[in-house]
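Just remember that the numbering used here sits 122 ahead of the position in the sequence shown, which is counted from 1.
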Amino acid sequence: MSSAVDLLVKDAELLVVDGEREIPGGWVAVTGGRVTAVGAGGSEPEASTILSASGRLVTPGLINTHHHIYQNLTRSYAPAVNGTLFDWLTTLYPLWAGLDEEAAYVSAYVGMAELLMGGCTTSSDHLYVHPRPYLVDAEIRAARDIGFRFHATRGSMTRSVEDGGLPPRSVTQSTDEVLADSERLIKAHHDPEPGALIRVALAPCSPFSVTKDVMTATAELAERYDVRLHTHLAEDRDEDTYCLETYGCRPVEYFEDTGWMSDRTWVAHCIYPNDDELRRLAAAGVGVAHCPSSNMLIGGGTARVKEMRELGLPVGIGCDGSASTDHASLWMETRGALLLGRYRGGPGAMTARDALDIATRGSARCLGRADELGHLRPGACADLVVWDLHEVALAGALSDPVEAWLRCGPARAWTTVVGGRVLVERGEPVLAGLRDVLRDHERVARRMQRGV
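Structure (structure tokens):
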């Protein structure tokens, strides 16, 4: 074994293998992009490269199940920050009409760098405005350039304001355009093999932005190609009203009627299902991307995470970060999940380990990858994070490194490893092109915000 180990991360204060096993003083060995062994101090193998995690917590990489990366081009846009969800969207849609391939690439590159710095090793992204072609391809190119594990979701909007929806015509497409490009992207980029860095899912934006035939045909296409499905669901009270007036039923019933009630589906937010709807979602195996900061900033309620998990729903973390939240730190979202869970249900409703489990194993279940992501058992993809908290913040935190990780922050990723490759080292991204991309990002953002 000693001659075969590529990377050894050793001397962790605590190595969290998964939700059942933690190893004080632990180490993890990596070969060929996979975890090959874990153990306690004193039994380490020899390795080509050794990373010291002395005094630090090591966890599986966090997994982001809901994002809109391109929106980091319009972060904290002053005219929109204090509106409702629908106000916020209608203000920004005209700006997003300026999205092109360069904008999609630079926003994805910057967004993935930010995610890596916050301990995220796998992210989905929900790109649903398509004023020009090949935007998802540009995002995938950025992920490949970085070496990031990426689930691109081909979003869509077909119901413009002229058709009774919210978005302007400039960011919508026809049903035929959506379906043809969805099929093209699957064939061009989706990798179904174990250990894949790039996968594609299909993701009509929401019940109020696409027509019923798009929802139904997309579910059929996902079934044919065995890819996953994603959308927003039950995010806002206005959605209940819209679905009742337009379809004569509540959002979850409409969701079920269009063929989406399936274990290949995960949905964002899911704040307003009633008790019966929640049980039906659980029975079908539908996953939920819980987005704590977005919920708090928009002020529209939050998912009933404790009840969902008790029913068996896969619940993961979504940063929704470049949208209303304006950041892309999975550590912040995991801490937010801890705080919101306790705020809703009392101090026994959520622990730091519960929140970590949601951000790792729960998120992996949402993406259909519980076998190889979200844990550090031998055979898993070698996606891990060595966490750093300043010694001042940790002073006095002597009894529980996992609780201290979320309670005594801010924490940052000291080292982030994806597939055995170090992409953040000593807190900084190891990305040669980042400076140039940041310069291009600022130029594109100023153009989209019309000279701000």
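Built from N, CA and C at the ideal position, the CB exists for glycine as well.
The structure presented is a predicted model; accordingly, all values stated were derived computationally and were not measured.
Close Cβ partners of residue i (< 7 Å) along its chain, the five nearest in sequence each way excluded
i	result
Arg178	Ala134, Glu135, Val508, Trp509, Asp510 and Trp536
Leu516	Ala526 and Cys530
His188	Ser246, His248, Ala390, Ala411, Cys413, Gly440 and Asp442
Arg569	Gly220
Val566	Leu195, Glu224, Ala225 and Val228
Gly496	Pro182, Ile185, Thr482, Arg483, Ser485 and Ala486
Trp210	Ala202 and Ser446
Ile420	Leu207 and Ser446
Ser174	Lys132 and Asp133
Leu214	Thr196, Tyr199 and Ala202
Leu556	Ala235
Glu547	Thr537
Cys503	Gly155, Arg156, Gly317, Glu494, Leu495 and Gly541
Element boundaries [alpha helix (DSSP H), containing residue i]
i	result
Trp453	Leu452 to Gly467
Thr297	Thr297 to His311
Asp510	Not the alpha helix (DSSP H): Asp510 falls in the beta strand (DSSP E), residues Leu506 to Asp510.
Ala405	Asp397 to Ala406
Pro414	Pro414 to Ile420
Ala339	Lys334 to Tyr347
Leu528	Pro523 to Arg529
Thr363	Arg359 to Tyr369
Leu478	Ala474 to Asp479
Cys503	Run containing Cys503: none; DSSP gives neither H nor E here.
Arg487	Ser485 to Cys488
Opening and closing residue of the beta strand (DSSP E) in which residue i lies
i	result
Phe272	Arg271 to Ser278
Trp382	Trp382 -> no beta strand (DSSP E), and no H or E assigned at all.
Val514	Not the beta strand (DSSP E): Val514 falls in the alpha helix (DSSP H), residues Glu513 to Leu516.
Ala323	Ile320 to Pro326
Leu433	Premise fails: Leu433 lies in the alpha helix (DSSP H), Val427 to Leu433, not in any beta strand (DSSP E).
Leu129	Leu129 to Lys132
Thr353	Leu351 to Leu355
Gly286	No beta strand (DSSP E) holds Gly286; DSSP gives it neither H nor E.
Ile393	It is not in any beta strand (DSSP E) - Ile393 carries neither H nor E in the DSSP assignment.
Environment of residue i [buried if 16+ CB atoms lie within 10 Å]
i	result
Arg561	exposed
Lys132	buried
His512	exposed
Arg346	exposed
Thr300	This sequence places Val at residue 300; Thr is not what is there. Burial call: buried.
Asp313	exposed
Thr171	exposed
Ser451	buried
Cys365	buried
Ala405	exposed
Leu641	Here the chain covers residues 123 to 574 and nothing more, so residue 641 does not appear.
Val559	buried
Tyr376	buried
Arg572	exposed
Pro326	buried
Ala84	The structure shown does not extend to residue 84, since the chain is modelled only from 123 to 574, so the question has no answer here.
Closer than 8 Å to chain D by CB, residue i
i	result
Val544	Among the chains of the structure shown, chain D does not appear; only one protein chain is present.
Own chain partners of residue i with C-beta closer than 6 Å, once the 5 adjacent residues on each side are dropped
i	result
Trp453	Gly240, Gly241 and Ala533
Pro146	Leu136
Ala151	Val127, Leu130, Thr158, Ala159 and Pro167
His563	Val228 and Val232
Cys488	Thr187, Trp388, Gly409, Pro436 and Gly438
Euclidean distance between Cα positions of residue i and residue j
i	j	result
Thr538	Glu236	12 Å
Met123	Arg401	Any answer about Met123 is weak, because its pLDDT of 40 lies below 50 and its placement is not dependable; what the coordinates show is given next. Cα to Cα, the separation comes out at about 48 Å.
Leu498	Asp298	43 Å
Glu144	Val138	5 Å
Tyr256	Glu455	30 Å
Thr340	Thr294	16 Å
Ala344	Arg475	34 Å
Gly269	Arg350	22 Å
Val427	Ser384	19 Å
Thr368	Gly161	57 Å
Tyr465	Val524	20 Å
Ala471	Ala459	11 Å
Thr473	Ile480	11 Å
Cys392	Ala356	5 Å
Pro551	Asp379	45 Å
Phe330	Ala477	31 Å
Gly467	Ala302	45 Å
Neighbourhood of residue i by C-beta distance below 8 Å, restricted to the same chain and skipping five residues each side
i	result
Arg291	Ser282, Val283 and Glu284
Ala274	Ser246, Asp247, Leu249, Val258, Glu261, Ile262, Ala265, Leu307, His311, Ile320, Arg321, Val322 and Ala323
Cys371	Cys365 and Asp379
Heavy atom of the ligand NAP within 7 Å of residue i beta-carbon
i	result
Glu342	With respect to the ligand NAP, the structure offers nothing, as it holds no ligand at all.
Could you give the uninterrupted runs of the alpha helix (DSSP H) lying entirely in the region 187-261, keeping only those of 4 residues or more?
-> 207-218 and 223-239
Continuous beta strand (DSSP E) assignments of at least 3 residues falling wholly in the region 541-569 = Runs of the beta strand (DSSP E) lying entirely within the region 541-569, each at least 3 residues long, are 543-547 in chain order.
Counting only runs that start and end within the region 145-190, where is the beta strand (DSSP E) found for 3 or more residues in a row?
-> Those beta strand (DSSP E) runs which fall completely within the region 145-190 and span 3+ residues are 148-153, 156-162, 171-174, 179-182 and 184-186.
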